[in-house]
Amino acid sequence: MDRATSVIGSFADWDVRGLLLFVLVFILVADYLKNRQPASFPPGPRPLPIVGNMFSVDHKRTHESLTQLSETYGDVFSLRMGQNWTVVLNRLKVIKEALVTQGDGVADRPGRAIRKDIVHGRGLLSSSGFLWKQQRRFALSTLKYFGFGKKSLEPVILEEFLHFAKEIRDFKGKPFAPHLTINKVVSNIICTLVFGHRFEYSDERFGGLLNSFDMALQLDTSIWVKFYNSFPLLMRHLPGPHRTAMNIWKDIKAFVTAEIKEHKKNLDPANPRDYIDCYLNEIQKTKEQANNTFDEDNLIVCVMDLFVAGSETTSTTLRWAFLYMAKYPEIQEKVQAELDRVVGRFRQPAMEDCANLPYTNAVIHEIQRMGNIVPLSLVHFTSRDIQLGGYTIPKGVMVIPNLTSVLLDKNEWETPLTFNPGHFLNEEGKFEKRAAFIPFSAGKRLCLGEMLARMEIFLFFTSFMQHFTFSMPAGVKPVMDSRFGVTLAPQPYDICATSRRE
């Protein structure tokens, strides 16, 4: 009897083992068949079953990892992140060919799981097709009406600078952390256009929103979010930083929803005050039209997106600017000397001064190049098969334009890893913009906030240089390490600003 029981138990053990072995082999074969690509697909590192190349990349320095992989696999190579194939584009020729020449084929955005769960394909940054075209067209025309990219916005920017200048002077040359205040300064410009008013720097809810926003942009590129995008059914039920990101976006949505509710109370269709008023009017005008994409859910997401397009890149650029000026005081002195000569110490700078400030303009562009603010642009998605670099990229594949590979390319810049304003000056000392300068990306998905960002960066930077000299606290050297996220930001730091008017 005992022997029979033992034999039956042995067979049972083998049945369980056999079943597990069968399941494992089935999963591996199914994974291979599902994810195999044609011979014409771009090469890349060999993916592991299930997780793909998730662990082939340093997710804290993704832009550097991808640039290094391009040296092995070429300017067009592939990665498999979980169950999602991605093609990485490197160097100016390839990126321009994809985003400009074949722009129609890569103008869409991928339906990444976390963005789907947050914005449901709405807004300006994550939408595609007709919805994206209609929303972008409306946003640009409306914001231009309120001064977006026009001379009429200069006084608003310069007035906001004066608020910040007062804050800086109160430190009397002592060290301070510029991060949050710079975010408030820059965000107040887009707030004026979108909400019709600015926020006081002491407004705790506004400050909390910007802090949360900064954290969400860091989390968006973390390995947790990449796992969420690859295995959403599992990750929706697991704790982790991805849930923190979801909660942050919910808070931001609540903030925007409250602003829209206030606008509705005092809406005068004949006299719109800002973007929200115009959008609410558009909802009423188009509600009976076919193919209408205007509704309050889209409005909320569009406002959230405008913060990204209109503030994040600029505030990050200015934080890099303070660091570079403190690191290279001789360059800071040359900028100030040129400003003193052209603008003077007391007249406020204007956009028309730009043509007469070649060295200052070169320094601004070099800050943007070295700062490498949006190192991987935003992810694109192929809407049809495209041919690129001798390879076929099928419909439905994510595409990453690696801007780092262009802005720091040794074939495009004489000293790619050195801060050198001479990159943008010709032999006569005149400013020259290079084709490889593409910090705002290129093509149909060119950054919506580029015009505003260029104006803000020039006016804020020249105003800061006119009023203050920046230096590190005594005994402290500038740390130029970056913090990777959707934007490449400097590590938190303290700095001293000495008034040039006292």
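Positions -10 to 491 (the working numbering) are the ones given, in order, by the sequence shown. Think of the CB as a built atom: it goes at the ideal place given N, C-alpha and C, for glycine as much as any other residue. Given the structure is predicted, the values throughout are model-derived calculations rather than measurements.
Span separating the alpha-carbon of residue i from that of residue j
| i | j | result |
| --- | --- | --- |
| Cys267 | Phe283 | 11 Å |
| Gln278 | Thr407 | 55 Å |
| Val77 | Leu223 | 27 Å |
| Phe473 | Thr51 | 8 Å |
| Ser488 | Leu414 | 29 Å |
| Gly333 | Met454 | 11 Å |
| Thr371 | Thr393 | 21 Å |
| His231 | Asn400 | 39 Å |
| Glu271 | Asp64 | 44 Å |
| Met43 | Phe202 | 25 Å |
| Tyr190 | Lys253 | 25 Å |
| Gly229 | Leu256 | 41 Å |
| Phe135 | Asp398 | 38 Å |
| Phe137 | His152 | 21 Å |
| Phe450 | Ile241 | 29 Å |
| Ser366 | Met340 | 27 Å |
DSSP state of residue i mapped onto helix, strand, coil
| i | result |
| --- | --- |
| Ser116 | coil |
| Leu81 | helix |
| Val465 | coil |
| Gly92 | helix |
| Thr476 | coil |
| Ala166 | coil |
| Leu365 | coil |
| Gly360 | helix |
| Leu37 | strand |
| Phe202 | helix |
| Leu414 | strand |
| Phe420 | strand |
| Ser45 | coil |
| Ser471 | strand |
| Phe188 | coil |
| Leu328 | helix |
| Ser430 | coil |
| Gly197 | helix |
| Thr233 | helix |
| Gly299 | helix |
Beta-bridge pairing of residue i - partner residues as DSSP gives them
| i | result |
| --- | --- |
| Tyr380 | Leu377 |
| Thr75 | Leu68, Met387 |
| Thr458 | Thr487 |
| Gly97 | The residue you asked about is not Gly; residue 97 is Asp in the sequence shown. Phe370. |
Supposed close pair residue i, residue j - CB separation, criterion 8 Å
| i | j | result |
| --- | --- | --- |
| Gln124 | Leu142 | Wrong, their Cβ atoms sit about 22 Å apart, outside the cutoff. |
| Gln325 | Pro428 | Going by Cβ atoms, the distance from Gln325 to Pro428 rounds to 24 Å, so no, they are not a contact pair. |
| Phe220 | Gly71 | 6 Å |
| Phe150 | Ser452 | 5 Å |
| Ala486 | Leu88 | The pair is not a contact, with the Cβ atoms about 39 Å apart (cut-off 8 Å). |
Assess, as a yes-or-no matter, whether the segment 345 to 364 is touched by the segment 420 to 430 under the definition of 3 or more beta carbon pairs within less than 8 Å.
-> yes
The segment 437 to 452 in contact with the segment 295 to 308 per 3-pair CB rule at 8 Å = yes
Does the count of Cβ pairs from the segment 312 to 325 and the segment 145 to 156 closer than 8 Å reach three?
-> no
When the Cβ atoms of the segment 163 to 179 are set against those of the segment 208 to 220, are three or more pairs found closer than 8 Å?
-> no
Is it true that the segment 117 to 132 meets the segment 250 to 270, where meeting means three or more beta-carbon pairs spaced less than 8 Å apart?
-> yes
Is the segment 92 to 105 in contact with the segment 115 to 124, if contact means three or more CB pairs nearer than 8 Å?
-> yes
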